[in-house]
Amino acid sequence: MSRKPLALLILLLFPASALHAFNFSLEDLQNIDVGKVLEYGQTVSKATRSFSEEERYYIGRASGARLLSDHRLLSRKGLQNYVSAIGQTLAMASARPELYAGYHFIVLDEPGRVNAYAVPGGFIFITTALVAKTESEDELAAILAHEISHLVLDHPISSVKKQYRDKLMKDILSEASDRYASEDVKKLADLAGGLNNLSGMMVDFAAKGYSRSKEQEADLVALSMLRTAGYDPTRFPRVLSKLSSIGTGVSGTHGNPRQRARIISEKLARDVPFHIRNRDHRFMTVMGNPGNR
1 MSRKPLALLI LLLFPASALH AFNFSLEDLQ NIDVGKVLEY GQTVSKATRS
51 FSEEERYYIG RASGARLLSD HRLLSRKGLQ NYVSAIGQTL AMASARPELY
101 AGYHFIVLDE PGRVNAYAVP GGFIFITTAL VAKTESEDEL AAILAHEISH
151 LVLDHPISSV KKQYRDKLMK DILSEASDRY ASEDVKKLAD LAGGLNNLSG
201 MMVDFAAKGY SRSKEQEADL VALSMLRTAG YDPTRFPRVL SKLSSIGTGV
251 SGTHGNPRQR ARIISEKLAR DVPFHIRNRD HRFMTVMGNP GNR
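Under UniProt numbering, the sequence shown has 112 at position 112, and the numbering climbs by one with no breaks.
The structure is reproduced here in structure tokens:
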């Protein structure tokens, strides 16, 4: 393949706006080694392929194992069972009620870390510090619904795919052909291969949060899920507003909670707050007993 057809191929693969953002010109494209481009392309193609439901489950299991290596699993069953029951109710009200091995809701014994994580395969983690910030079952449900929404929208997988695509574009276009040594190709291949590396990237995304647009998209899906499951969606912006004052954890990794609360409130203009006495009693029974936390 000559240099000119290669340049045209790259222009087709990557939009002009993306090339412009990285300050690349047609002259830059003439210096790219065809063989190295194909090597990178084949490697990233494997990493950005579609994953089956079974593969997503095992990626999630590997990601969960990584999370549990850095966090303590809550040993007391009361809160674990309570959170799982709420999560399963919400999952059944979602657009993806059935996964390969179902949904799994896990409470991490982390009183100093306010956060929640969603990884492929239906695995959702929430810390005791975040649970403690909620004042009702509806607020706890709102947090879980948001995390479920990330999985419904396939945000973990799509974010990793985007990262690989971005890396491919940068690596191909930012260096001259003599910089593309076989050792560099091997490094990228190592990065793309195996559940261990992929699960690490999933955990990284889950911990750091997604883009602002993805967080807002998950918020809107969560609102619909809360309504379908019979929870009060007006509690969602309330819990976000509380989190905005923390300064760490969810407030730092899941977008701007105050801005998200404002956008959600606008969507809730016609919703009337309500509460269910039995639900309030259930929440106080679990949360009010220190042995269950």
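Note that the Cβ used here is the ideal one computed from N, Cα and C, for glycine as well. For clarity, every value in this text was computed on a predicted model and none was experimentally measured.
On the criterion of 16 or more Cβ atoms from any shown chain inside 10 Å, does residue i qualify as buried, or is it exposed?
i      : result
Lys77  : exposed
Phe274 : exposed
Pro257 : buried
Gly288 : exposed
Lys186 : For Lys186, the predicted model reports a pLDDT of 47, less than 50, meaning its position is unreliable; a value from the coordinates is still stated below. The residue is exposed, with fewer than 16 neighbouring Cβ atoms inside 10 Å.
Arg260 : buried
Leu68  : exposed
Asn278 : exposed
Val83  : buried
Thr285 : exposed
Arg262 : exposed
Leu74  : buried
Leu29  : Summary for Leu29: the model assigns pLDDT 49, below 50, so the residue's position carries little reliability; its value from the coordinates is reported in the next sentence. Leu29 comes out buried.
Ala91  : buried
Arg238 : buried
Ala129 : buried
Ser63  : buried
Ser94  : buried
Residue i by DSSP, collapsed to three states: which one?
i           : result
Leu268      : coil
His71       : coil
Leu108      : strand
Asn81       : helix
Asp219      : helix
residue 330 : No statement about residue 330 is possible, as the shown extent of the chain runs from 1 to 293 and does not include it.
Pro97       : coil
Tyr58       : helix
Thr234      : coil
Ser244      : coil
Gly64       : helix
Gly87       : helix
Phe257      : Per the sequence shown, residue 257 should be read as Pro rather than Phe. Helix at Pro257.
Arg262      : helix
Lys224      : Note on identity: in this sequence residue 224 is Ser, with Lys being the wrong assignment. In the structure shown, Ser224 sits in a helix (DSSP, three-state: H, G or I).
Arg212      : helix
Phe51       : coil
Phe283      : helix
Tyr103      : coil
How many angstroms separate the CA atom of residue i from the CA atom of residue j?
i      : j      : result
Leu53  : Val221 : Note on identity: in this sequence residue 53 is Glu, with Leu being the wrong assignment. Each residue's Cα considered, the two are about 21 Å apart.
Ser265 : Met225 : 16 Å
Arg96  : Glu217 : 16 Å
Tyr101 : Tyr57  : Sequence check: residue 101 is Ala here, not Tyr. Roughly 7 Å between the two C-alpha positions.
Leu79  : Leu144 : 14 Å
Val272 : Leu223 : 13 Å
Arg282 : Asp232 : 15 Å
Asp219 : Phe125 : 17 Å
Tyr180 : Gly230 : Confidence at Tyr180 is low in this model, with a pLDDT of 41, below 50, so the placement of that residue is unreliable and no value is reported for it.
Arg72  : Pro111 : 10 Å
Asn115 : Glu215 : 14 Å
Tyr210 : His146 : 12 Å
Arg113 : Thr127 : 7 Å
Phe236 : Ile276 : 16 Å
Pro156 : Leu268 : 27 Å
Gly60  : Thr134 : 26 Å
Val131 : Ser213 : 25 Å
Arg66  : Ser158 : 20 Å
Ile86  : Phe51  : 28 Å
Shorter than 7 Å, the distance from the beta carbon of residue i to the closest heavy atom of the ligand NAP, or not?
i      : result
Ile106 : Although the ligand NAP was asked about, the structure shown includes no ligands whatsoever.
Compare the C-beta of residue i against all C-beta atoms of chain B and say whether one is closer than 8 Å.
i     : result
Leu67 : Absent here is chain B; the protein component of the structure consists of one chain.
For the structure I just gave you, are there three or more beta carbon pairs, one from the stretch 150-159 and one from the stretch 114-125, closer than 8 Å?
Yes: the two stretches touch, three or more of their Cβ pairs being nearer than 8 Å.
May I have a chain-ordered list of the alpha helix (DSSP H) segments no shorter than 4 residues that lie completely inside the stretch 112-158?
As far as the stretch 112-158 is concerned, its whole alpha helix (DSSP H) runs of at least 4 residues are 128-131, 137-152.
Does the pairing of the stretch 231-245 with the stretch 125-141 give three or more beta-carbon distances under 8 Å?
yes
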